[in-house]
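What follows is a short report on a single structure.
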Ligand SMILES: [Ca+2]
Ligand SMILES: [Ca+2]
Ligand SMILES: [Ca+2]
Ligand SMILES: [Ca+2]
Ligand SMILES: [Ca+2]
Ligand SMILES: [Ca+2]
Ligand SMILES: [Ca+2]
Ligand SMILES: [Ca+2]
Ligand SMILES: [Ca+2]
Ligand SMILES: [Ca+2]
Ligand SMILES: [Ca+2]
Ligand SMILES: [Ca+2]
Ligand code: NI
Ligand code: NI
Ligand code: NI
Ligand code: NI
Ligand code: NI
Ligand code: NI
Ligand code: NI
Ligand code: NI
Ligand code: NI
Ligand code: NI
Ligand code: NI
Ligand code: NI
Ligand code: NI
Ligand code: NI
Ligand code: NI
Ligand code: NI
Ligand code: NI
Ligand code: NI
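Spelled out as structure tokens, the structure:
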């Protein structure tokens with residue numbers, strides 16, 4: 001509850017059709033504020049940590065609303081600056097049954113994406129912190145963001161912070177510019193202590209395929225070989241029977257061994273967005289408290305499951321509500 | 001359709017977050033009117049019975065709205081008085097998946113809870129009735145309510161009415177004052193003919209534990225031993241796979257034997273609140289009509305299942321719609 | 001994408017209680033525009049076909065809104081006339097769990113139902129078209145509609161169009177007037193090339209029962225015997241575990257053989273209305289493109305499944321989104 | 001508070017576009033329950049009177065919801081029967097500025113309109129009552145309704161009840177059938193003690209025009225000449241600057257003289273429907289209590305003004321809230 | 001009703017906070033589709049004209065929804081192409097009292113703005129049309145749009161179409177790029193027959209100020225001197241007492257004289273956006289029908305007033321509803 | 001922008017019926033968070049000041065939501081503690097025309113009201129601050145709150161802070177306990193530098209009446225005589241033509257003279273709650289910046305007017321938007 005965690009990334013507005021409607025089927029959009037790294041920040045703040053967000057938003061009422069939402073959720077937003085430009089948006093059409101949800105990104109040229117690397121003074125921004133969280137969404141937004149992410153990770157490493165990196169590979173974003181994803185991501189992983197990634201993320205970075213039942217294990221081994229600082233490689237495994245029925249398991253690889261948790265059944269998912277971010281926040285919560293890996297992983301998986309029961313991009317539940325799912329499985333009304 | 005049934009208890013306003021949102025996640029609350037005994041009254045009115053409610057509400061527009069809702073649902077509310085004070089509220093956050101629903105009670109010091117026992121003239125109130133329904137929520141609200149409930153049950157017994165008591169044990173309410181739940185509930189059970197209770201309810205009254213596969217059977221036997229008037233002990237059995245997937249069975253113990261109904265699968269529950277009240281109303285409907293116990297129990301279980309498909313605290317379906325579920329299992333659109 | 005398809009039938013307003021509420025439980029109705037044949041027209045328009053609707057609506061803002069919705073969905077509505085009278089309505093109360101949805105028709109005496117057969121000049125209306133789609137709802141609306149449907153089918157046959165007929169037997173509508181459903185439907189089937197019908201539809205027409213595991217096969221055989229033009233008899237088979245959990249399979253009988261597709265699991269249905277219409281549109285899309293029968297049937301079943309994931313009466317998804325379900329079963333967010 | 005008042009007429013569902021939208025501009029309708037005579041009944045019930053409604057509704061969930069709403073508002077609805085047929089509807093598009101509100105009636109062939117005169121046993125229905133309220137909407141619905149209204153008025157007169165008639169002339173309804181409005185209305189006015197009518201209503205009945213500044217006075221004089229039982233002729237006078245800014249005055253003619261109240265300014269009208277019904281209820285409240293005419297008229301005008309501040313068809317405010325407007329004009333928040 | 005009118009411009013999505021809330025005060029946005037030229041097209045379609053829209057939208061579900069809305073409103077949208085890129089958006093916060101509404105444009109780099117001039121084949125697009133409507137918003141979007149607008153106007157003039165130009169000067173848009181508004185607008189006015197413009201618009205074009213009571217008259221005279229084709233210069237005059245109370249007058253200058261209409265009072269404005277577009281459509285409706293100028297101007301002013309009573313960007317009322325305001329001022333409910 | 005301001009008082013949840021409906025007319029409540037002193041804090045935070053709130057809320061999700069809203073609005077809420085008990089609520093029914101809004105308080109026994117004076121350590125809480133704002137609502141809540149308010153005011157005075165007191169006399173709250181309002185308020189005024197009060201507030205404190213045109217001036221003079229620290233006595237003057245049309249003026253008395261501002265017309269008020277709090281915040285903003293009194297008063301009056309245009313209890317507009325109303329009166333859409 002006393003350590004200071006920093007998350008760096010973009011804040012986005014989600015504009016979603018209500019219920020299970022198609023986009024603009026009826027003339028209304030529901031708004032949520034999110035962003036992969038902000039989701040981690042918010043969940044950690046609800047778990048009781050002192051968390052700060054670093055980034056930038058548009059200098060208008062949308063950007064200010066995004067900052068205000070961070071504050072509402074208990075995140076220190078003083079290092080989120082307002083800058084000329086537009087706010088990153090995404091339109092969401094929530095699926096059901098065999099119809100997948102569709103995300104329509106409208107985030108190009110956002111104020112965040114156009115913020116030059118020189119706008120961030122990392123030694124100042126990182127002062128007093130213990131952990132920096134980054135994700136693969138940010139470097140995918142363009143050269144400025146990639147440069148910034150690398151600068152941040154290196155500064156954090158140099159200053160002795162833990163560096164956490166969540167793969168979050170988004171092919172469409174990388175394809176939108178003249179990017180070399182592999183080499184950029186390699187710079188980032190070279191700084192990381194803890195990696196949220198499965199074999200697909202690692203495959204992008206290392207440029208080789210991992211297949212079959214052992215794919216995640218083999219990929220983790222390859223990543224440990226390549227990136228000497230990496231100590232933890234953690235991920236969920238998701239089996240999707242339909243859009244709203246998944247089985248969600250989790251695994252944790254270290255240089256010494258691995259932990260595999262059996263799948264939780266998610267039948268009647270409310271909102272799947274941000275499940276991975278809640279997972280990461282849950283695992284980090286355990287790590288920050290020095291819990292053993294299995295406890296941390298179980299907390300992360302419980303957090304991820306609970307996120308699926310909540311509308312919006314992030315998990316706004318305190319530690320006790322997550323623990324009560326770990327400790328017992330009582331589902332009746334609490335009164 | 002001609003017998004007069006009376007229910008005594010508190011009317012509450014439910015203030016719920018919309019959909020599956022957290023409380024105040026968005027700035028709106030959906031309002032439903034309920035209360036364990038009122039839910040029974042309303043369901044019985046929809047089944048065609050002449051039902052009256054006894055109680056009191058706040059002398060303001062909220063209290064009058066609660067009375068008006070009773071009237072709308074076909075319950076005679078002339079014996080619900082308005083009194084100075086506040087209306088009992090509860091805030092509901094509806095869960096999903098592995099996140100249980102949370103009820104936040106804000107009912108202390110309500111006009112009902114502060115109504116003195118002397119405010120009720122039971123011989124007058126019970127005149128012409130055949131059955132009085134009470135539940136364990138009412139005596140849990142404080143000494144005045146406990147005194148009133150006991151006075152009501154005794155007067156009903158003395159006047160030859162059937163007395164029905166639904167356990168509805170709420171530990172938090174009893175803990176909020178200097179209460180001796182066991183001795184108060186014993187007075188009430190001593191008057192009862194029909195008891196809606198499982199081994200947990202009976203355990204509180206008798207001060208002993210019942211465990212294992214036979215717990216409900218043993219508890220019923222003990223209750224029959226202790227309370228000579230009790231003829232029926234009826235309850236549901238609920239297996240909860242997750243917040244919105246339950247299996248719901250039902251059982252009926254008499255001094256002569258027992259009936260066990262197999263579980264119905266409830267997958268995709270809309271609103272679980274009031275399921276037990278709908279069950280009680282369904283069973284009482286059969287009893288009032290002189291159906292055999294199994295028919296009554298099947299009607300009660302069907303009523304309970306259907307309540308889970310409806311938003312709000314009570315079942316507002318007529319007998320035919322409940323029977324159609326008992327008689328056949330056709331689920332397609334009726335047109 | 002170049003062939004012209006015509007659909008003849010009534011446009012209806014659906015007035016539905018929100019969520020899973022009972023009708024008028026809260027003071028609001030959600031409006032959707034539909035109608036069996038219009039649903040087919042709209043789905044085919046989204047699949048890229050040039051589709052025209054033929055019919056009539058009330059000469060008021062409701063009727064004009066129905067026409068406008070057709071246009072919005074890409075259907076040519078110039079042959080939908082406005083006529084004095086009222087708009088056909090239906091009220092829908094959406095079920096859940098074991099509580100079936102209820103449709104309350106309020107469509108008697110609609111402007112469409114009262115349009116005389118003479119108001120339609122079929123040779124002009126059918127000019128340039130390749131296919132006419134009709135359904136059993138229309139002749140059930142009264143003698144004028146029955147006469148019109150037969151006139152339309154005969155004119156189409158005479159002009160060399162394909163004639164498609166969807167059984168859609170609605171007992172209540174036929175019973176509302178002095179009707180001889182069997183003889184009217186026989187006239188229509190005598191003109192049809194493709195029939196969407198199962199053994200229940202065929203049983204009504206032929207006046208004999210088909211039962212057991214072979215019922216659909218036997219009924220198809222009998223229909224092929226009786227109606228020499230019929231080449232395809234296609235239908236879904238629906239197993240309903242509860243109101244919102246179905247298994248949906250499909251079958252296609254020809255004079256040469258049959259295709260049976262295994263069931264798709266629909267768990268957590270959003271809106272079941274119009275599932276059959278989406279199926280018909282999907283099958284016709286394949287037929288129009290000259291796909292082989294199995295491809296067409298698989299596309300039809302995929303379309304039907306997807307309709308269950310969407311609020312409203314029709315499927316508003318393009319061919320690619322339906323194909324992606326046929327080709328692979330990936331259910332994660334598309335981003 | 002002790003006299004029994006009866007109102008006879010149709011219950012209607014109002015289906016309105018939200019806010020100031022056009023009908024079906026967005027896919028939602030707000031529902032209110034009303035009807036000229038029911039509006040009077042409800043307002044009088046809120047003023048503390050024992051009021052009963054007589055009529056019939058459709059035997060479906062819409063009809064039952066209308067009855068339930070009457071009960072909710074405190075009106076005795078036991079003499080409202082359910083009958084086969086459809087519910088009378090009207091669609092409302094609320095205007096603003098210079099765009100008038102539009103009512104689209106869809107009430108033809110309603111269960112009420114088709115109820116034969118013989119279905120009502122007036123001596124039984126009127127037993128114990130003091131006052132019968134009717135309006136000109138009812139006889140306009142067709143010969144059966146006209147016959148019924150005349151039978152009701154005559155029975156009431158014969159049994160010594162006060163008969164109150166509100167003109168409510170609706171040209172469109174009379175034109176929809178082979179009607180002789182004048183002769184039917186003459187029969188009704190021949191029975192009336194109190195008439196809510198201005199010169200336009202009287203002109204229809206008497207078949208002569210009244211124009212100029214003295215029109216209402218001259219019409220009242222002519223009505224007093226023709227109808228010997230009539231003692232009171234009361235009406236509002238409405239000056240409309242725009243759809244949402246009116247000046248509302250009121251006048252009361254007796255055989256001895258007249259009272260004219262100055263206009264109240266209504267600037268920012270919320271809902272104008274039912275203003276005349278609230279006025280009638282207010283005047284009748286005063287008459288029932290034996291207030292002098294001016295007091296009664298002032299109460300009626302206050303009730304009418306307040307109705308314009310409330311969404312829905314009727315005034316649901318108690319006597320004290322109306323009196324506080326008569327007695328003082330304090331508009332600040334009451335807290 | 002038979003002439004073909006073409007409008008060229010951008011379609012935008014309006015995302016508005018509900019009611020009078022600040023942007024994102026609550027987490028919902030109401031969506032309307034508009035755009036200055038599309039608003040004119042839609043109003044003219046509702047007046048009964050055959051209208052076509054020319055432009056481009058994003059190749060995604062938002063762009064297709066904009067096209068679909070055009071079709072719903074009766075505009076021929078076949079010349080609106082879909083192109084890679086994003087959809088133009090604007091966020092609206094509706095004001096009240098002394099708080100002005102705020103528009104937050106997020107339309108830079110839209111698919112429309114990036115469509116090159118060469119993408120339009122004007123001789124083909126204009127074939128068969130009588131009138132082309134353009135506005136000053138389009139050339140303000142960048143060089144490509146300015147080039148396109150000029151090409152369109154010249155082609156129209158060359159082909160003998162009437163050219164109508166609405167000033168719609170938006171300083172912020174012109175300032176966002178290296179633009180020479182005056183010279184671009186001069187090219188456009190050189191082609192125009194009818195100009196919707198007041199002295200501020202003309203001042204931008206001519207580079208000189210017009211002030212005082214005679215400003216509009218002097219500016220019109222100067223414009224007639226400079227642009228030999230211009231025959232009509234028409235505009236509203238708006239006096240704003242507060243955000244929701246305006247007086248709206250109108251004036252029409254020709255080379256022969258002028259018409260001045262007195263102001264209409266707009267007290268309680270619902271939605272002011274698109275008022276000028278409705279005015280232009282109304283005037284053009286009169287012109288197309290050959291009405292005299294005063295009739296056309298009165299129709300235009302009535303259309304403009306009525307737009308203020310409707311949510312959304314455009315006027316969706318037919319000619320009769322506008323005429324009824326011109327012909328008489330009756331504001332009561334139409335039933 | 002650098003001075004630190006503290007506000008001490010209760011946070012309340014407002015539960016309001018939607019639109020202009022009666023409470024529970026439809027089953028929904030809109031939620032806003034407010035409280036007289038919190039409203040001042042929030043407005044000042046939006047004007048750019050560093051503001052902290054002091055108080056306590058219920059230790060549940062409602063209380064935490066209130067704190068979160070403060071944070072969202074930019075107020076430092078670290079000195080708002082969570083304590084066992086319930087959250088203060090008020091139900092609001094928004095009026096219109098001649099129907100006043102009704103507030104139904106349900107705030108008795110709130111966690112705040114039951115917080116003992118000893119729970120606040122004022123020297124610690126006030127450290128580093130320049131100004132303490134209190135209002136008359138707080139001491140009206142009971143002896144503990146009165147004691148706390150006096151302790152706060154004295155500590156602030158002793159530490160050299162400016163003390164600001166807003167009268168906010170609520171008779172009902174004072175009458176709910178054995179209170180001596182006059183003597184308590186005298187203690188508070190004895191510490192105040194700036195007083196928001198008119199002759200009614202001062203009359204309560206001094207126990208004498210002030211009437212007629214000079215009432216406010218005379219009351220201010222008397223207050224200056226009695227309370228030597230008071231330097232400013234500031235208030236609005238409100239003339240209410242109806243519930244939604246007011247004229248709002250403002251006045252400022254000092255020992256040297258007075259300023260009277262002419263009334264602003266508020267026609268079409270959106271939400272009147274919190275108008276006085278926005279006024280106080282506006283005046284304090286000017287005082288903090290050292291503006292002259294007239295500038296400060298004009299800013300305060302502009303802030304008060306703008307609050308009436310916004311739903312909710314507080315003004316969430318920055319200085320520039322308030323100034324733009326002071327500086328010019330341009331009401332058109334800003335784009
Ligand atoms: Ca992720
Ligand atoms: Ca309950
Ligand atoms: Ca399921
Ligand atoms: Ca229970
Ligand atoms: Ca259908
Ligand atoms: Ca079908
Ligand atoms: Ca009337
Ligand atoms: Ca515009
Ligand atoms: Ca006004
Ligand atoms: Ca304009
Ligand atoms: Ca306040
Ligand atoms: Ca105040
Ligand atoms: Ni922690
Ligand atoms: Ni599974
Ligand atoms: Ni949401
Ligand atoms: Ni019964
Ligand atoms: Ni199970
Ligand atoms: Ni509800
Ligand atoms: Ni195709
Ligand atoms: Ni199955
Ligand atoms: Ni819908
Ligand atoms: Ni009375
Ligand atoms: Ni006036
Ligand atoms: Ni309403
Ligand atoms: Ni025309
Ligand atoms: Ni004016
Ligand atoms: Ni809208
Ligand atoms: Ni400042
Ligand atoms: Ni005034
Ligand atoms: Ni609000």
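Protein chains in written order, with full-length UniProt numbering: chain A, 1 to 335; chain B, 1 to 335; chain C, 1 to 335; chain D, 1 to 335; chain E, 1 to 335; chain F, 1 to 335. The beta carbon of each residue, even a glycine, is placed where N, CA and C say it ideally should be.
Check your understanding: Three-state secondary structure (DSSP) at residue 264 of chain C?
Key -> Start at 1 with the first residue of the third chain, and residue 264 of chain C comes out as number 264. In the structure shown, residue 264 of chain C falls within a strand segment according to DSSP collapsed to helix, strand and coil.
Point to revise | Buried versus exposed, by CB contacts within 10 Å (16 or more), residue 124 of chain E | key: If you number the fifth chain from 1, residue 124 of chain E lands on position 124. Exposed.
Review point. Across which residues does DSSP place residue 258 of chain D in a beta bridge pair?
Key: Your numbering for residue 258 of chain D matches position 258 in the fourth chain. Its beta-bridge partners are D:253.
Check your understanding: Of the residues that make up the segment 26-48 of chain D, which ones have a beta carbon closer than 9 Å to any beta carbon in chain A?
Key -> 26, 27, 28
Point to revise | Contacts of residue 60 of chain D in chain C (Cβ-Cβ under 8 Å) | key: Locating residue 60 of chain D in the fourth chain gives position 60, counting from the first residue. Correct list: 104.
Check your understanding: Mind pulling the alpha helix (DSSP H) runs of 4 or more residues that sit fully within the segment 201-246 of chain C?
Key -> 215-226
**Study point:** Opening and closing residue of the beta strand (DSSP E) in which residue 166 of chain D lies
**Key:** In the fourth chain, the residue the question calls residue 166 of chain D occupies position 166. Start and end: 162-166.
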